[in-house]
Amino acid sequence: MSLGAQEVLRGRVWVDLEPVYQRFVDVPYPLDTVTAQRRALEETKFYFEGMIYGWSFDYEVGERARKIEENFELHSLGSIPLSDPRLTVTDGSVEGSRFYLWTEYRPDGPQRGRLKGWEGGQVQKTQASGTGPLAGPVESSQWMDGKKEALQDAARAAVRTILRGTERNRPKEAHGFIALAEFPLYRIEMGRWVAIAQFR
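In structure tokens:
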């Protein structure tokens, strides 16, 4: 994240122009640059939302010995419309089979207040990683499901790490709030998305 005197958030994402999916092999590829740019812009919007508004979470910690399943859910606390004039593209390029997009977002007064709240003294920053399936797309709204699942898994790992450092006894459940500190990084490993993210 970059939020200084100019109060501008910046981030970069990439979209694979020739993705390999486990399903939906009949979807036409490679992607054209117009489709790739739209997807990249949708992705950056999602991360800016995660940085400014964050999510509430409900976490059932689970216990393997008692066969209690672990369950973690994120709930968005705010959204940014794609038509927001404060969301702008600053650069785009094709490198190999990837389309890269740089974007900026200029938060308004209430959004800056939220960002300052996430930077408060009681907020602990934690890095974690998570995985999700290489899946989609059928509809444009589904193509990012695997990345979102990997990011949610990383958020679960971050919350688990925080609980280990703050709770003497492992709780059965936890509820709270979490936000992205910056855009996550992604790679593909063993047929799955891997997300590495900084949370607070």
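Numbered per this note's numbering, the sequence shown spans residues 172 to 371.
Where is the CB? At the ideal position from N, CA and C, for every residue including glycine.
Bounds of the beta strand (DSSP E) holding Val265 are Leu258 to Glu266. It is roughly 10 Å from the alpha-carbon of Arg285 to the alpha-carbon of Asp279. Here the C-alpha atom of Ser300 lies approximately 32 Å from the C-alpha atom of Pro256. The Cβ neighbour count for Leu202, taken over all protein chains shown within 10 Å, is at least 16; the residue is labelled buried.
Two segments are said to touch when three or more pairs of C-beta atoms, one from each, lie closer than 8 Å; by this definition the region 265-280 does not touch the region 230-247. Taking the Cα of Ala325 as reference, the smallest distance to any Cα among Glu240, Pro342, Thr297 and Thr261 is reached at Thr297.
Rounded to the nearest angstrom, the Cβ distance from Leu305 to Gly225 is 26 Å, too far for a contact under 8 Å. Leu322 and Ala366 do touch by the CB rule: their CB atoms are close to 5 Å apart, below 8 Å. Thr204 has its alpha-carbon roughly 31 Å from the corresponding atom of Phe370. Setting aside the 5 residues that flank it on each side, Ile239 is surrounded in the same chain by Gly233, each with a C-beta closer than 7 Å to its C-beta; the list follows chain order. For Glu213, there is no enclosing beta strand (DSSP E); the enclosing alpha helix (DSSP H) covers residues Thr204 to Ile223.
The Cβ-Cβ distance between Tyr230 and Val330 falls below 7 Å.
Around the beta-carbon of Leu356, fewer than 16 other beta-carbon atoms lie within 10 Å, marking it exposed. Contact between Arg183 and Trp273 is confirmed by a C-beta separation of about 5 Å, below the 8 Å threshold.
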